[in-house]
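> Following this message is one structure expressed as structure tokens.
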Amino acid sequence: MCCLETEGTKYGCGHYIITRKLRKIDCENQWCTLSRRHRTPCHNCQCERYYGPDASETVTAVRPEFCPECYPFYSQRRR
Numbered sequence: 001m002c003c004l005e006t007e008g009t010k011y012g013c014g015h016y017i018i019t020r021k022l023r024k025i026d027c028e029n030q031w032c033t034l035s036r037r038h039r040t041p042c043h044n045c046q047c048e049r050y051y052g053p054d055a056s057e058t059v060t061a062v063r064p065e066f067c068p069e070c071y072p073f074y075s076q077r078r079r
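Taking the working numbering, the leading residue of the sequence shown gets 1, the next gets one more, and so forth.
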């Protein structure tokens, strides 16, 4: 699987949200649709379609609140 080097924000809930993709690291695998080595056309393609875990995550901001995904759930539970 190909992966990314990213920058992002770390939230109080522990989640990291990407704000900028710095670089793609190619896995050089013909069975990965994101790789430059993937065959095109690839008929009836069953190849890998998603990025692997980030190769590096650079935290550029830290926010004490919940991330946008967690906020609706946890803000309801506090009441």
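The C-beta atom is built at its ideal place from N, Cα and C for all residues, glycine as well.
Just so we're clear, the structure is a prediction, and the values are computed from it rather than from any experiment.
Please state the DSSP three-state secondary structure of Ser35.
coil
> When you compare each of Arg20, Cys2, Tyr74 and Cys70 to Gln30 by their alpha carbons, which one comes out closest?
Cys2
> Lys21: which of Thr58, Arg37 and Cys45 sits nearest, CA to CA?
Thr58
> Identify the continuous beta strand (DSSP E) that holds Tyr16 and give its terminal residues.
Tyr16 to Ile25
> What does the alpha-carbon distance come out to for the pair Ala61 and Gly8?
7 Å
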